[in-house]
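My numbering puts the first residue of the sequence shown at 75, with every later residue one more than the last. Here a beta-carbon is modelled for each residue, glycine too, at the ideal position from N, C-alpha and C.
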Amino acid sequence: MEKGLIVSVSGPSGTGKGTVLAKVREIFPECGQSVSVTTRSPREGEAEGVAYFFRTKEQFMEMLSSGEIIEYDSYVDNLYGTPAGPLVEMSEKGTDVLLDLTIAGSLALKERFEQTVTIFLLPPSFETLEKRLRERGTESDDIIAKRLSEARNEVLKAKQFDYVVVNDDLDEAVRKVVSIMEAEKCRYARNNGIEGRI
């Protein structure tokens, strides 16, 4: 059985990763979802085990030391990690998985799982990014300034990703991610034994 495709989408906070992935999942409802573990506090409406697994820093470090977390990263004073069990299980069963990871997380995942496809989601401009962050209404001016500063550094790492998609128009960004997934599924290397089918 072929391993499932692992698609990891990253980008600066406020680029719309969650919204894009939600639309992609509407098109590919069979795709699995790896829920990350984080030490940050839940935002309004975020449910445990759906948005994230919310843990204290002590609990997170225990999971890390026991090998339960494949990769992790620190972002704006919080830790984010990918739990190993669910991801490995889905991939081994041939289920494609969509992930929303930090930039370092996507790159680490690519090293661990060769079938990982990395996509960097960019905002059309930093002005648009700041507007989106402010429209959330969930963070202080200091945190927004910190996120914007971080974003300028993160954009420089886009060249390390397999693909780059600018989220200027939501439908177009979703179409591009879907096209990338479909093209990756057609790679010869992912279709072992195809000679025996013809």
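For F134 against S165, the beta-carbon gap comes to about 23 Å, at or over 8 Å, which does not count as contact. Counting C-beta pairs closer than 8 Å gives three or more between the stretch 132-149 and the stretch 100-117, which meets the contact rule.
Under DSSP, I143 forms a beta bridge with P157. Each residue's CA atom was taken as its position, placing E142 and L161 some 11 Å apart.
No Cβ-Cβ contact shorter than 9 Å links T176 with S115. Under the three-pair Cβ rule at 8 Å, the stretch 217-231 does not count as touching the stretch 247-260. Between G88 and L173, the CB-CB gap reaches or exceeds 9 Å. A direct Cα-to-Cα measurement between S82 and K205 gives close to 25 Å. Judged by beta-carbon spacing, T156 lies within the 9 Å limit of L183, meaning their Cβ atoms are closer than that value.
It is roughly 23 Å from the alpha-carbon of P86 to the alpha-carbon of A121. Cβ contact annotation for Y237 (same chain, cutoff 6 Å, sequence separation greater than five): I193, I254, in chain order. In the DSSP assignment, D215 falls within the unbroken alpha helix (DSSP H) covering 215-229. Cβ neighbours of Q234 within its own chain (closer than 7 Å, five residues either side excluded): L181.
Sequence-distant partners of G106 (beyond 5 residues in either direction) whose C-beta falls short of 6 Å from its own C-beta, in its chain, are M164, T169, V171. The Cβ-Cβ distance between A232 and L196 falls below 9 Å.
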